[in-house]
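Q: Protein chains in written order, with UniProt numbering: chain A, 1 to 376; chain B, 1 to 913. The structure's right below; bear with me while I get my questions together.
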Amino acid sequence: MTKIVQISDVHLGFAYAGLAYPRRQKQRQQDLWQTFLDALHYCQKIDAKLLLIPGDLFDTPNPDAALVQDVQDAFREIAPIKVMIATGNHDFAYAGSCWDDSQKWPDNVFIFKSAWTQLDLPELQLTVWGAGFTAPYAKTSLLQPVPSQPNHWQIGVLHGDAFTPDHSPYNPLTTAQIAASGLNWLALGHIHKRIQAQAGATAYAYAGTPEGHGFDEQGAKGILVLDFKPGQTQPTVTFQPLAQRQYLELKIDLSGLDSNRAAAARIKTTLAANDGPDYLRNLYKIHLTGALPPNALITENGLAAQLPVFDLRLHNETHLAIDYQQLAQLDTLTGNFTKKILGKIEHATDETERQHWQLALDLGLRAFQEDLTDAH
Amino acid sequence: MRIEQLNLIDFGMFHQFELKLDQSAQLIYGANEQGKTTLLSFMLLMLYGDQGRDRKGQLTIRSKYQPWSGREMAGSLILSARHQRYQIEKHFGKTFSKDTTEIINLKTDEIVPLPPKVEVGEWLLDLNLAGFLKTGFIGQPGIFTNGQGQDDLTEKLVKNLTQSGDEAVSANDVLARLTSASTDLRSKSGSKGQLVAATEHLTQLKLEQQATIERQTAQTAQVEQLQTLSQQRQQRDQIQTKLQQDQQRQQTQQRQQLLQAIQANEQQIQALKALNFQPEQVTTVLPKLQQLVQDAVNAQQAAAVLTQINGQELSLPISDADYAATAKLQQQTTTIQQLQNFFQQTLTPAADQALTQQATWRELTQQQKQLTAQLATANELKTQATQLKIAQQQNLQQQQRYQDLIDLAQQRQPTNSRTVKQAKQQQQSQKFITGAGLIVLIVGLLLGLTKFTFGYVLAGVGLLLAVSSLLRKSTTTSSTTTYSDLTEPKNALQKLQAQALELQQKVAALAPQLGQLTATEQQLQQVVNQIQAAQPRLATAWDRWNTSLEQWQTQLATTKLTLPELTLNTTALTELKQQLALQLANTQQQLIQQLHAKQVADFTTYQVNYQLQQKDQVQQQQWHDLQARQQTTQTALLDYFHQIGHPEITNLTQAQQELTTLNRVGQLYQTTKATVDSQRQVTGIKISAAELATSLKVNPNAIRLTTDQRQQLQDQLAKFPSDLDDQWYQLQHQLQGVGRSLDEIKHDLQEVTETVTHLQTRYQALTLAQTTLQQVIDERRKYFAPALKEKAGQYLATLTDRRYQELLIPKSFSLEVRDQGRYHEADYLSNGTADQAYLALRLAITNLLTSKPEQSSLPLLLDDILREYDDTRAANALRFLHAQSQQHQLIMFTCHQHLADLAAKNGFSVRKL
């Protein structure tokens, strides 16, 4: 049984500039590096023979020299595990780039940095094929068919777009091409989401990024472990979570709550229930919903102060717990105001307009209660 | 709500003061400074503790009514509301937040909790302080107006009408909150609001995204260009490597050659040492040795030659005196022969030429003299001929004049006496001119005899003057008479014609002589021309002669010969020639005798014999000198060999053989050393032979290039751009430019887009809320306006006994009252009427706001509102107010006794302080 680990789109050097709490930026960079090291250690732990990295190991084509050296040292430490790297659109190879031979990559590292080529590993009964980006774009497919060999695995390592190949400038890979490749397994990078599929006799997968970079990369992130067993043409695939933190987005109903403390308590309870006791490590985007009492004093700043998660974005989508129809019956300023806006809501032409009027009603009635400056 | 009892424990001037109130209507009367305003303020502070902060020059109630006793401000109220009786107890701190309030339900004796941050008045009346001041509190008349035609209070009241009174905040505040919230999204505290900042951030991110896409597109081209450059660099480096290897090969070859040269040189050094000779001696000792050997050899050879010459015998012994005398004779002979040669070849032809030219000259000058003498008589003939010609011309002129006179006289008769007079004057002058002409003629003739032509010319002029004068005289005379008589002119004319004939005959007679004269003159002219031509030849001959003579004299002066003086005549020349021949013969004879004495044929033989004799003597001396020199040089040579360590050399032959050997080895040494030095200089290699040998082991397989291959590679190398590396590094730098990744920008874009959308939605919602609220306010204002107008009109009619029945509140909020069909601004009415109008309006507003069933009744605190009223109006007002007590508890204050009396009469309970 041959174990192979697939990790991709690490994007080492990613800046994490978009955090709600910018002071956490450096920590996220450390997280990313730690996840990368964890992946290498995991390779050693499971006695993997190969580590496949199908592109975007670095976030830029010109990573910091110290970072490159750290990566080289890390790879050197996991020898004899062979590291197969295909350059991606972020870290494409060019003359003088960090992928040059002169950059002293360890002997156990093989870099696919140009056209489709191969590395035979007869001791493992397999051949690793690959190609690399040499520019930010690769508008034609880099994948080439390989000859089939009995009792010999053909493995591809490639950075490319297998999901929108029609117009993608990132090494478009059609299903037909993959099916005709003759590969047993095609390790792909570029898509940050974990995806596994089959095209003809070729199984292929995106491991997704091992550490999320934003709220568009939510959930557990990690690596793929491939078990190539004798007699089988395709490996058994296992996902191994490794991310230090997760990006998570959810809605929490605060109905009936009238204070930041109560709201924070409900949020904590929800997060702990969903994500376990370590939820504080995560990065959350929370949509606050539900009907709040008219006298409720819940503010985003007040809530955030009581929720010490790693990073937090609150979207207040609550409304006041008011019987609008009853209020509209009163001949008061608020009653008349409510009545008028309910009419607008009733005659709204679309959901967006309706929501706008609903928010206008909530804000208007809230303005009768409190200053709106801090009441987001 | 109705207040039953006030208990001022410590408040201003009051301490433990208790006042029970009527539930309906009452008037509290007291003179000034009795505490009416204090009581009023106590009630306000009990209901609304937050009165704000002291402002400059204006104290709040809290500050103004600090207990005079210095105790803590405190008090209580007993009131009924919501069908309950409550006791409100308050201890006032320095600020509102320090107050302690306790509400006790007197029915249940339970303490009722007051919601946080809620005033007692708000809790009981559902009105905040502002709302109460606009409704339950009516101040003193006159405070309504600001004196500028506008009524702030009216405006506030009317605006408040748009609210039901159940809102804890005014509509303006709500609008302000909505406006502030939306404004904050655009601008906050001078900075960009959230929405503006987020929108700008979004724009920046989009720009950054676009720039990044463009950068990546550019990177694609840059990478391709970089690839091309890299290939070029690789090719260039390969060529450079080949050339470097070739250069190394050349260097290796040079090193090998150098090493060989060094080894050859070392062999010669060893050879030198074997000869007991040091390499450094080659340049110093060897040349000296060579010189010494050469000197010795030369001395030996010179001595050998002189030895051969020595021994020849001389045949003729010639003494110096003999030789001098003989040589002198030989010299004289030669000198005389030279003089003879000069005399014959130079001097004699010059003399002949000079004599010939001299004779020619003399002959020509003689001919010139003769012809000149012949021409001396001819001049007279010329003069005569000239005179005759002049006379002929004058005769003709006179003839013409007389002919003209005759013609003129025949035409007119002249009578002018003046003409006569002029004629006389002319006659006198003519006489003078005639005399002068004759004198000149004579002088000219005299001069002509002696001075040739000028004398004849002068004589001619004198003759011309005289003849002219005479002719004029005759003409004048005739002219003076022409007019009187034509006979005389005619006679004169005839006479002149005769004279002319005579002159013509004379001229004919002179013609042959004049012809002869002309021929002579021509001959003379030819002779003169010949003389002029002979003159240069004569001068040349003379110059030649003089030059030859000077040379002759110069040559002669160098000799001691005595010769006759030379002059230019044939005799002298002949004599000199003979003298020269004689002297030459004598001298030659003496010389021959001398030579015969030595038995030689000629002087040359004699001279040779003498010179041989002299040379032999010199050689004898030289031979002795060379013998000494040979000895000296050989000694020096052998000494030097001893000195340099070669004592075995004992003669010149050995020295020469040794030197030959040394020279051969020394030259080889120097040649090999020069080769080594040259190669070191050319190659720059300075390392030792051992190091060279070691280094040659390093590069055994260097590439060899032919010259053509080398040139071809160098040509290829030259074709690469000189800035190839710069271009490459520049592209590298561009590729490595700072910039975030597209994915990271997309992350940010997504986040910021969400934020912007959220804020835009909020902004739109706030705007909608504002607009809608404003619409509602406007609608409510429209709705309340007719009701207000009607109710205020009813109250005003009641207060004024229907004097005024209608009120109008225009948009300016300046209250207008209708009187006699027209509206007048209240300020233009009497103070009392204006106060009535405002009171009506105020109560109308209050009642409209509290007209709802669920609305609590208000305690109306009226602060001396009737003081401007006369008794009738005051009575009407009190009756009207008392009627209001059914709805509201009236607590009225005044300092006027008559109002207290009127109030009592109209159902008010009156309490005096």
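Don't be surprised by glycine CBs; every beta carbon is placed ideally from N, CA and C.
1. For the beta strand (DSSP E) containing Asn108/A, list its first residue and its last residue.
2. So, helix, strand or coil for Lys905/B, using DSSP?
3. With DSSP collapsed to three states, give me the class of Arg71/B.
4. Lys20/B bridges to which residues according to DSSP?
5. With a cut-off of 8 Å, do at least 3 Cβ pairs link the region 23-38 of chain B to the region 874-888 of chain B?
6. Could you have a look at residue 429/A and say whether DSSP puts it in helix, strand or coil?
7. Mapping DSSP to helix, strand and coil, what is Glu521/B?
8. Within a Cβ cutoff of 7 Å, which residues of the same chain sit near Ile322/A, ignoring the five residues on either side of it in sequence?
9. What are the start and end residues of the beta strand (DSSP E) that includes Tyr86/B?
10. What do you get for Trp185/A, buried or exposed, if any count of 16 or more other CB atoms within 10 angstroms of its CB means buried?
11. Give a yes or no on whether 7 Å exceeds the smallest Cβ distance from His213/A to chain B.
12. At least one CB of chain A closer than 7 Å to the CB of Asp748/B: is that the case?
13. Who are the neighbours of Arg781/B on chain A, taking C-beta pairs under 7 Å?
14. Counting only Cβ pairs nearer than 9 Å, list the residues of chain B close to His90/A.
15. Kindly identify the DSSP beta-bridge partner or partners of Asp161/A.
16. Quick check: the region 82-91 of chain A against the region 157-166 of chain A, are at least 3 beta-carbon pairs closer than 8 Å?
17. Does the beta carbon of Asp166/B sit closer than 7 Å to a beta carbon anywhere in chain A?
18. For Lys251/A, which beta-bridge partners are listed by DSSP?
19. Name the chain B residues whose beta carbon is nearer than 8 Å to that of residue 419/A?
20. With a cut-off of 7 Å, does the C-beta of Tyr284/A fall near any C-beta of chain B?
21. Which chain A residues sit within Cβ distance under 7 Å of His758/B?
22. Kindly say whether Tyr94/A, judged by its beta-carbon, lies nearer than 7 Å to any beta-carbon of chain B.
23. Between which two residues does the alpha helix (DSSP H) holding Val665/B run?
24. Does Tyr29/B pass the burial test, meaning 16 or more other C-beta atoms within 10 Å, or should it be called exposed?
25. Can you tell me which of Gly256/A, Pro210/A, Lys285/A and Leu297/A puts its alpha carbon nearest to the alpha carbon of Ala39/A?
26. Find the nearest neighbour of Gln522/B within the set Tyr828/B, Gln657/B, Ile9/B and Gln374/B, judged by alpha-carbon distance.
27. Look up Lys3/A in the DSSP assignment and give the residues it is bridged to.
28. What is the rounded straight-line gap between the Cα of Leu202/B and the Cα of Pro241/A?
29. Does DSSP put Leu106/B in a helix, in a strand, or in coil?
30. Taking only three categories from DSSP, how would you classify Gly139/B?
31. Give the straight-line distance between the Cα atoms of Leu44/B and Gly193/B, rounded to the nearest whole angstrom.
32. Answer yes or no: the CB of Gln607/B versus the heavy atoms of the ligand MG, is any distance below 6 Å?
33. Using a C-beta to C-beta distance shorter than 8 Å, which residues of chain B count as neighbours of Lys340/A?
34. Which value, in whole angstroms, describes the spacing of the CA atoms of Ser429/B and Gly435/B?
35. List the residues of chain A whose Cβ lies closer than 7 Å to the Cβ of Val174/B, in chain order.
36. Report all residues from its chain with a CB closer than 8 Å to the CB of Asp107/A; omit the five preceding and five following residues, and keep chain order.
A: Straight from the coordinates:
1. No beta strand (DSSP E) holds Asn108/A; DSSP gives it neither H nor E.
2. helix
3. coil
4. Gln5/B
5. yes
6. In this structure chain A extends from 1 to 376, so residue 429/A is not present and cannot be described.
7. helix
8. Pro294 and Leu365
9. Gln84 to Phe92
10. buried
11. yes
12. yes
13. At a C-beta separation below 7 Å, Arg781/B has no neighbours in chain A, since its nearest C-beta there lies roughly 11 Å away.
14. Ser741, Leu742 and Asp743
15. Pro172/A
16. yes
17. The pLDDT assigned to Asp166/B is 49, lower than 50, so where the model puts this residue is not dependable; a value taken from the coordinates is nonetheless given after this. Residue-level contact by beta carbon holds for Asp166/B and chain A, with a gap shorter than 7 Å.
18. His287/A
19. Residue 419/A lies beyond the stretch modelled for chain A, which goes from 1 to 376, so this question has no answer here.
20. For Tyr284/A, the answer is no, since every Cβ of chain B falls outside 7 Å of its Cβ.
21. Listed by position along chain A, the residues whose Cβ is nearer than 7 Å to that of His758/B are His315.
22. yes
23. Leu652 to Thr683
24. buried
25. Pro210/A
26. Gln374/B
27. Lys3/A is bridged by DSSP to Asp227/A.
28. 34 Å
29. coil
30. Under the three-state reduction of DSSP output, Gly139/B falls in the coil class, being neither helix nor strand.
31. 41 Å
32. This structure lacks the ligand MG, and indeed carries no ligand of any kind.
33. Thr772, Gln775 and Val776
34. 10 Å
35. Ala367 and Phe368
36. Closer than 8 Å at the Cβ level, and outside the excluded window around Asp107/A, lie Ala79.
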